[in-house]
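Colleague:
Numbering (my numbering), first residue to last: 39 to 175.
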């Protein structure tokens, strides 16, 4: 595995935070440094087991991060990271929007289930929601 002024671990962590697996991060990082590699060389340089290199490169190809040659021996070359990053950001934004909607729905449900207590003349009076009153009678 390459070391760039001790920043390799930080770079790998950043790639993983963008949605890549550990092996995918290592392979992509290695390809960025070597520009083009045969699978065997890529396995050795990235410290990814030879038995996992094709599966890892296929995952990167599916994400649009590498190009793989058809001829033997197969070689892989990196593609630009920005298009993938844009897609990853859009997916995270959708997840956040869905989480906010779910949170609002849950809040509304919980608010509708609990009784309302009102203080009147130093006493509290509890009002049950209408749907609960029907069930109780």
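Glycine is no exception: its CB is placed at the ideal position from the N, C-alpha and C atoms.
Helix, strand or coil for residue 87 per DSSP?
Modeller: To locate residue 87, count along the chain shown from 1; it is residue 49. In this structure, DSSP gives residue 87 a state outside helix and strand, which the three-state scheme calls coil.
Colleague: Please determine if the segment 134-146 and the segment 101-119 are in contact, where contact requires at least 3 C-beta pairs separated by less than 8 Å.
Modeller: no
Colleague: Using a 10 Å radius around the Cβ and a threshold of 16 neighbouring Cβ atoms, would you call residue 87 buried or exposed?
Modeller: Locating residue 87 in the chain shown gives position 49, where the first residue counts as 1. The residue is exposed, with fewer than 16 neighbouring Cβ atoms inside 10 Å.
Colleague: Could you check whether residue 75 and residue 114 sit closer than 8 Å to each other, using their CB atoms as the reference points?
Modeller: Here residue 114 corresponds to residue number 76 of the chain shown, with the count starting at 1. Here residue 75 corresponds to residue number 37 of the chain shown, with the count starting at 1. It is a contact, given that the beta carbons lie within the stated cut-off.
Colleague: Any idea which residues DSSP pairs residue 157 with across the strands?
Modeller: Here residue 157 corresponds to residue number 119 of the chain shown, with the count starting at 1. Paired residue(s): 162.
Colleague: Ignore the nearest five residues each way along the sequence and tell me which others in residue 72's own chain have a CB closer than 7 Å to its CB.
Modeller: Counting from 1 along the chain shown, the entry for residue 72 is found at position 34. Closer than 7 Å at the Cβ level, and outside the excluded window around residue 72, lie 83.
Colleague: Could you check which residue in 116, 146, 157 has the C-alpha nearest to that of residue 77?
Modeller: Along the chain shown, read from residue 1 onward, the residue named residue 77 stands at position 39. Closest option to residue 77, Cα to Cα, is 116.
Colleague: Just to confirm the assignment, what range does the beta strand (DSSP E) spanning residue 47 have?
Modeller: Taking the first residue of the chain shown as position 1, residue 47 is located at position 9. Careful: residue 47 lies outside any beta strand (DSSP E), inside the alpha helix (DSSP H) at 46-55.
Colleague: Give the DSSP-derived three-state secondary structure of residue 75 in the structure shown.
Modeller: Residue 75 sits at position 37 when you count from the first residue of the chain shown. If DSSP states are grouped into helix, strand and coil, residue 75 belongs with the strands.
Colleague: Whole angstroms is fine: what's the gap from residue 130's alpha carbon to residue 52's?
Modeller: Here residue 130 refers to the residue found at position 92 of the chain shown. Here residue 52 refers to the residue found at position 14 of the chain shown. Their backbone Cα atoms lie some 15 Å apart in a straight line.
Colleague: In terms of DSSP beta bridges, what is residue 65 paired with?
Modeller: Residue numbering aside, residue 65 sits at position 27 when the chain shown is read from its first letter. In DSSP, residue 65 forms no bridge with anything.
Colleague: Just to confirm my understanding: we take residue 50, look at its own chain, exclude 5 residues before and 5 after, and list those with CB closer than 8 Å. What are they?
Modeller: For the purposes of this step, residue 50 is taken as the residue at position 12 of the chain shown. Counting only Cβ-Cβ distances below 8 Å, and skipping sequence neighbours, we find 60, 63, 64, 67.
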